[in-house]
Each structure stands twice: as C-alpha cells, then as structure tokens.
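The block underneath contains the structure these notes are about, expressed in structure tokens.
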Ligand SMILES: Nc1ncnc2c1ncn2[C@@H]1O[C@H](COP(=O)(O)OP(=O)(O)O)[C@@H](O)[C@H]1O
Ligand SMILES: [Mg+2]
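Residue numbers (our numbering): 406 to 638.
Structure representation (structure tokens):
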C-alpha cells in the first residue's frame, strides 16, 4: 500500500460501482447482489433496510472488504479493492473499517480492555498505545468500572458497548454495524443508538443495517435493499 496516501479520495469513504455478488451453490451460480451503485460521503450516517434474505449482510461483507465482488468495484477511501492483494486488503480492513455485529463477536477468554485493544496488535499503528486507547474508549462508552470483566460477566448491552469501543480503536474511516441492537431489548438498544448518534455528531461515518424503521430515523439517509437491488424508496 505504498501510494496509499496519494490515493485517498476526499469526498467518499466508500463507493460501490455496478457491484454484483454471486455465490456458487453446487453447480449453480446464485446472484445475490445485482448491479449495486452506492456512494457514502465522509460523515454520513446511512441506514440499510430490507427484508430478511434481501442481501443486507452480503452487502455489508462487501463494504467491509470481508469478501471480493463477483463483478464491479468496491472503492474504499479511493482504493479499488480489486487491485489489492489479500494482505493489503486485510490491512485496509483493519485500519479503515470498524465492525459492530448483532452478536457482539467478542473473544470470551479476554477482558473488555483486551478485547478492545486486540485490533491494535494485529494492525500496529506507530505511536499508538493500544491498552491506553482501549481504556479511554471504554470510558467513553460508560464502562470504566468494567474494564477487566470478561464478556460472560457483562450484559448484552455492555458487550455491545465493548464491541463499539473495539470498532473505534484503530480510528477507522468507517463504522459498519449489522443490526447492532438486534439482540438487545429496546431500552438497552436505545443506549447503543445514542452512542452511534453521538459518534455521528462527532463526524464519524456510519453504515448501519437495521430491521427497525424507528432506528433508521437516526440516519441521514435510508437505502432499501430488495432481492439484491437498491430501491430509491
Ligand atoms: N455463503 C453463502 N453461500 C450461499 N448463499 C449465501 C451465502 N451467504 C448468504 N447467502 C444467501 O444470500 C441471500 C442473502 O443473504 P443475506 O445477505 O444474509 O441477507 P440479509 O442479511 O438481508 O438477511 C440469502 O438467500 C442467503 O441464503
Ligand atoms: Mg443479515
């Protein structure tokens, strides 16, 4: 990623251009995402909605560089991921994208601080003290008294706070959240949404998948996915 800095596109964090994604099932190629065009500007909060099976998580995997397109382009911070090696892609993902999942995806045997600091070990940014930053972020999400608890000793809402702190630890350009409140009761979910709304106010770029129309109201813009296609409404 040598000309990394030169390639940075100022306006858009992510651009999907005529993106399609198919899965190979036996002998058949099953199209899941069909000719998706979507651009997200720096600082935007975009909600993605759509029925179950419409391709929301597949789209998130593409935006999050967890997988490669079947055709078309995924451009992250001005870089076309088709042109990156697997190693470069992994580094791009580690530096530029913070993930928040429905089921938290924390490492059970690690404490909250260790979970949050973990991505800094894999992607060591010079001059960053992972543990110190992890503690600051846990304070920010209201968990200063739970730093050394393990996931099993935390409530669902607390675990999701840890995972938000983890998503922020490498100061990513983009936060991707796939139904972040899907496993939480509505009051706990509101707390999580407030954290995301605050991050957005501070200028973070967020793409959130949700089933719930009231949560989509937090976003600047709602994108509807149906049968793998984006509908304007
Ligand atoms: N790895 C895979 N192999 C084959 N089919 C898949 C795979 N992942 C998802 N699909 C299919 O893609 C479609 C969209 O799935 P998904 O993106 O998870 O939808 P959503 O998140 O909107 O519920 C579904 O029909 C699902 O069965
Ligand atoms: Mg899904």
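We put the CB at the ideal spot given by N, CA and C, even for glycine.
Alpha-carbon to alpha-carbon, residue j and residue i
i	j	result
residue 461	residue 455	7 Å
residue 581	residue 623	15 Å
residue 459	residue 632	5 Å
residue 424	residue 610	21 Å
residue 525	residue 533	8 Å
residue 420	residue 443	6 Å
residue 414	residue 488	Because the pLDDT of residue 414 is 48, which lies under 50, any placement of that residue in the model is unreliable, and the number read from its coordinates should be weighed accordingly. Each residue's alpha carbon lies about 16 Å from the other.
residue 503	residue 571	8 Å
residue 432	residue 476	19 Å
residue 468	residue 579	10 Å
residue 434	residue 422	21 Å
residue 608	residue 576	12 Å
residue 418	residue 612	11 Å
residue 540	residue 453	31 Å
Supposed contact pair residue j and residue i - C-beta distance, whole angstroms, cut 8 Å
i	j	result
residue 505	residue 538	About 17 Å separates the two Cβ atoms, so there is no contact after all.
residue 515	residue 561	Residue 515 to residue 561, Cβ: 17 Å. No contact.
residue 556	residue 523	Wrong, their Cβ atoms sit about 12 Å apart, outside the cutoff.
residue 635	residue 628	6 Å
residue 486	residue 492	With a Cβ gap of about 12 Å, residue 486 and residue 492 do not count as contacting.
residue 517	residue 465	Wrong, their Cβ atoms sit about 25 Å apart, outside the cutoff.
Closer than 8 Å: residue i CB and nearest ligand 1 heavy atom
i	result
residue 457	yes
residue 437	yes
residue 561	no
residue 630	yes
residue 430	yes
residue 633	yes
Heavy atom of ligand 2 within 8 Å of residue i beta-carbon
i	result
residue 600	no
residue 462	yes
residue 583	yes
residue 614	yes
Cβ pair count under 8 Å reaching 3, the region 585-605 against the region 561-568: Contact holds between the region 585-605 and the region 561-568, because three or more Cβ pairs, one in each stretch, are under 8 Å apart.
Sufficient close CB pairs (3 or more, under 8 Å) joining the region 473-489 to the region 545-552: Contact fails: fewer than three Cβ-Cβ distances are below 8 Å.
Given 8 Å, three or more beta-carbon pairs between the region 433-450 and the region 488-499: These segments do not touch.
Segment contact flag, the region 597-608 with the region 427-440, C-beta cutoff 8 Å, min 3 pairs: Cβ pair count under 8 Å is below three, so no.
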